[in-house]
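Data first, discussion second: the structure below is written as structure tokens.
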Amino acid sequence: MTRRTAGLLLLAITAVGLAIRMIAWDQPVLGDELSTLWIVRHFDLAGTVREVSSDAEISPPLYFVLAWLASKLGSAPELVRLPALLAGVAAIPLSYLLGLRLRGRLAGLIAAAVMALSPFMVAFSVNGRAYSLMVALLIGSTLAMLQAMRGGRPGWWVAFGLMTCLAMYSHYTAIYFLAAQLIWLLVVSPGSRLPALAATAGAVVLYLPWVPSMLDDLDSPTLPILEAIQGTGITEKWLGIKQLLAGQPLVDPTLLPLLLLAIGAAVVLAGFLINRKPGSSPGRSPDPAAIPTPNQGLALLLALTFVTAICEALLAVIGTDTFGSRNLAATWAGLPALVGVLAASCSPAVGLTGVALLLAGFGVGTARVVDTGTATLDFKAAAEWIDENAGPDDVVYDATFVSPVPLTSLDAYLPQDRDEFRPRVPSDEPPFLLAAGPDGQDQKVLDEALAATGRNRLFVVTSRDPVSAGDEAELFTTDEGAELPKGWEIVETKTFPGRLPLTVTEIQRR
543 MTRRTAGLLL LAITAVGLAI RMIAWDQPVL GDELSTLWIV RHFDLAGTVR
593 EVSSDAEISP PLYFVLAWLA SKLGSAPELV RLPALLAGVA AIPLSYLLGL
643 RLRGRLAGLI AAAVMALSPF MVAFSVNGRA YSLMVALLIG STLAMLQAMR
693 GGRPGWWVAF GLMTCLAMYS HYTAIYFLAA QLIWLLVVSP GSRLPALAAT
743 AGAVVLYLPW VPSMLDDLDS PTLPILEAIQ GTGITEKWLG IKQLLAGQPL
793 VDPTLLPLLL LAIGAAVVLA GFLINRKPGS SPGRSPDPAA IPTPNQGLAL
843 LLALTFVTAI CEALLAVIGT DTFGSRNLAA TWAGLPALVG VLAASCSPAV
893 GLTGVALLLA GFGVGTARVV DTGTATLDFK AAAEWIDENA GPDDVVYDAT
943 FVSPVPLTSL DAYLPQDRDE FRPRVPSDEP PFLLAAGPDG QDQKVLDEAL
993 AATGRNRLFV VTSRDPVSAG DEAELFTTDE GAELPKGWEI VETKTFPGRL
1043 PLTVTEIQRR
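Residues are numbered in the numbering used here as their position in the sequence shown, beginning at 1, plus a constant of 542.
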């Protein structure tokens, strides 16, 4: 395959990856994204860094700085996703370069295609958190390391150190990947040890200002909340792995993509083992003078792909259980290139068959991830409907999910020119441990909303199926912690389909 052909194919793959990500760009902000949005909207740049260093977050600051800058481009809440989108798209050609460096153009193109279609990477390329940024920086650090080993130029070692530092400033779980590749380098390239250690020392020096905040985060009172979100037990951990490979944290993959991925992986692995003679290196024309050798490159990719899961599993055994799909995100910095190297080392028929099955599995998973009907709740459409139908004196009551910050998904899209009551947003100071409120808070806030409504209308937002007129007593469930008093009637309901139905119920006094 010529360089020009490979370049055109890479351009096409990257364009497809961007197009897929843009389909999901307009999905409503949800969950942890609200924390990013709230911080960058309420603080200047210095204040953003200070807030992230507090118990309001247990994350490094790099993504928040980039999101703050992106938010200055306009008022759309989705702008906090812009750094993730740019990094997620950049990860496609970066994966190509890693596959190219370790096996050749075919391996690089396969790696790029896997990255482009990965449901997990598609989802987190349009999510206002640091996961895709971390992945791009980790791949960049590996490429810089390999180039520095090959040529020994100081500039590449500087780039390696800088990428290492930035990856740690993006997400703490980058440490496993970075440690694995440094250990690999120290083992396979004795001549590179001194400059590699010097570059790493430089990265550590640049990271020192954040170390006190990192230590506070490791002892944060919000850490038990994070552990609870991940869930315990083998079933929950297996679900996290499935979400990592064929879904995302809000989208549990169906059997079909998992089956396609399993068969595709089996075909590629079998083809690799059959095509590889005992004692040989992966690939058909290994260069004994290559740095790294094919075997060393394969060992690197295996380490980079599996080290995060191994370390997270060990931590879970020790007692800090954060094993979940989000904290396994660094896996995607090595997995596409690993698939590319293994598939390119098979016979063409077997390799391409396995890759086709894998891409089909990723494609099916991605179709669910970009579908608002399965991936999210349509708060944007609900906000638009309320804004069109509610008068200036009407009142809004949001009875949906607990928010991690004093901002809800509805708030992100609904103009704040009406009285709005939110029983499930925190009213204390970070780390917002009482976001769900004490017992009785929901009823208290509902009573306040009803009193503020007077003779006007109250628009109630719930995350369940609609209740018909005449069944007003069923408007709130026990989980929602409130009960509608007598004397109110349902005027109209509007339901917006999604992962859960989002229903707006208009009520007024009889």
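Note that the Cβ used here is the ideal one computed from N, Cα and C, for glycine as well.
*Below 7 Å CB to CB, which residues in the same chain sit around L624 once its five sequence neighbours on both sides are set aside?*
For L624, the CB contacts under 7 Å within the same chain, skipping 5 residues up- and downstream, are A612 in chain order.
*Out of L659, V677, L640, state which residue places its alpha-carbon closest to the alpha-carbon of G650.*
Closest by alpha carbon: L640.
*When you compare each of S601, R645, K1036, L781 to P878 by their alpha carbons, which one comes out closest?*
Cα-wise, what sits closest to P878 is R645.
*Could you check the C-alpha separation between L870 and T715 for me, to the nearest Å?*
For L870 and T715, the distance between alpha carbons rounds to 8 Å.
*Kindly list the residues whose CB is nearer than 6 Å to the CB of H713, restricted to its own chain and excluding five residues on each side of it in sequence; keep chain order.*
For H713, where only same-chain residues beyond five positions count, the Cβ hits under 6 Å are A672, M676.
*asked:* Could you tell me the alpha carbon to alpha carbon distance between T547 and T1045, rounded to whole angstroms?
replied: Computed Cα separation, rounded: 51 Å.
*Q723 lies in the alpha helix (DSSP H); which residues open and close that run?*
Residues 716-730.
*Could you check how far apart the C-beta atoms of A709 and G670 are, in whole angstroms? I think they sit under 8 Å.*
In fact, because the Cβ distance is near 19 Å, the residues do not count as touching under 8 Å.
_For V1022, count the other beta carbons within 10 Å of its own beta carbon; 16 or more makes it buried, fewer makes it exposed. Which is it?_
The amino acid at residue 1022 is misidentified as Val; the sequence shows Glu. Burial call: buried.
*Which stretch, first to last residue, makes up the alpha helix (DSSP H) that contains Q785?*
Unbroken alpha helix (DSSP H) run through Q785: 776-788.
*Is the beta carbon of L1042 less than 7 Å from the beta carbon of L857?*
No, they are not a contact pair.
*Pair within 7 Å by beta-carbon distance, P836 and V730*: No, they are not a contact pair.
*Measuring CA to CA, which of G896, A770, P1039 is closest to T914?*
Closest option to T914, Cα to Cα, is P1039.
*asked:* Less than 7 Å between the beta carbons of A609 and V582, yes or no?
replied: Between A609 and V582, the C-beta spacing is below 7 Å.
_Bridge-paired residues (DSSP) for L1000_ = Paired residue(s): V937, I1049.
*asked:* Considering Cα atoms alone, identify which of H584, R647, S660 is closest to V883.
replied: The option with the nearest alpha carbon to V883 is R647.
*For the segment 928-948 and the segment 998-1013, state whether three or more C-beta atom pairs, one from each stretch, are separated by less than 8 Å.*
Flag = yes, the segment 928-948 and the segment 998-1013 touch.
*Let me know if K614 comes out buried or exposed under the rule of 16 or more other beta-carbons within 10 Å of its beta-carbon.*
The residue is exposed, with fewer than 16 neighbouring Cβ atoms inside 10 Å.
*In terms of alpha-carbon separation, which member of S755, A886, A909 lies closest to L543?*
Note on identity: in this sequence residue 543 is Met, with Leu being the wrong assignment. When S755, A886, A909 are compared, the shortest CA-CA separation from M543 is found for A886.
*So the beta strand (DSSP E) T1020 belongs to, where does it begin and stop?*
Per DSSP, T1020 lies in no beta strand (DSSP E) segment and is marked neither H nor E.
*Taking only runs that begin and end inside the segment 580-668, name each unbroken alpha helix (DSSP H) of 4 or more residues, in chain order.*
Complete alpha helix (DSSP H) runs here, min 4: 587-595, 604-613, 624-644, 647-659, 661-667.
*Host beta strand (DSSP E) of S1035 (start-end)*: Correcting the residue identity first, residue 1035 is Thr in this sequence and not Ser. Here the beta strand (DSSP E) through T1035 covers 1030-1038.
_At least 3 beta-carbon pairs within less than 8 Å: the segment 945-952 vs the segment 567-577_ = The way I'd put it, the segment 945-952 does touch the segment 567-577; three or more beta-carbon pairs between them come closer than 8 Å.
*In three-state DSSP terms, what is V1054?*
In the structure displayed, the chain extends from 543 to 1052; residue 1054 sits before or after that span and is not available.
*For R966, count neighbouring Cβ atoms within 10 angstroms of its own Cβ and tell me buried if that reaches 16, exposed if not.*
Looking at its Cβ environment, which holds 16 or more other Cβ atoms inside 10 Å, R966 is buried.
*Beta-carbon proximity check, M705 vs W874, cutoff 7 Å*: No, the pair does not count as a contact, with Cβ atoms beyond the cut-off.
*Under the DSSP definition of a beta bridge, which residues are partnered with V793?*
Bridge partners of V793: Q790.
*How many angstroms separate the CA atom of E1034 from the CA atom of F921?*
Using only the alpha carbons, I get a separation of about 18 Å.
*Please report the residue range of the alpha helix (DSSP H) in which F702 lies.*
Element bounds for F702: 696-712.
_Are the CB atoms of I555 and A654 within a distance shorter than 7 Å?_
It is a contact, given that the beta carbons lie within the stated cut-off.
*How big is the Cα-Cα spacing for V793 and P968?*
C-alpha separation (whole angstroms): 26 Å.
_Does the segment 983-997 come into contact with the segment 1013-1029, if we say contact requires no fewer than three beta-carbon pairs (one atom in each stretch) closer than 8 Å?_
At 8 Å Cβ cutoff, the stretches touch.
_Span of the alpha helix (DSSP H) around D759_ = Taken as a continuous stretch (DSSP letters only), the alpha helix (DSSP H) holding D759 covers 753-760.
*Identify, in the order they occur along the chain, each residue of the same chain with its Cβ nearer than 7 Å to the Cβ of P828, setting aside the five sequence neighbours on each side.*
Because P828 sits at a pLDDT of 48, beneath the cut-off of 50, its placement in the model cannot be relied upon, and the following sentence gives the value as read from the coordinates. Excluding residues within five positions, the ones whose Cβ falls inside 7 Å are T835, P836.
*Please work out which residues of its chain come closer than 6 Å, Cβ to Cβ, to L550, disregarding the five sequence neighbours upstream and downstream, and give them in chain order.*
Once the five neighbours on either side are set aside, L550 has no close Cβ partner at all.
*Check L1044 in the structure and name its three-state DSSP category.*
In the structure shown, L1044 sits in a strand (DSSP, three-state: E or B).
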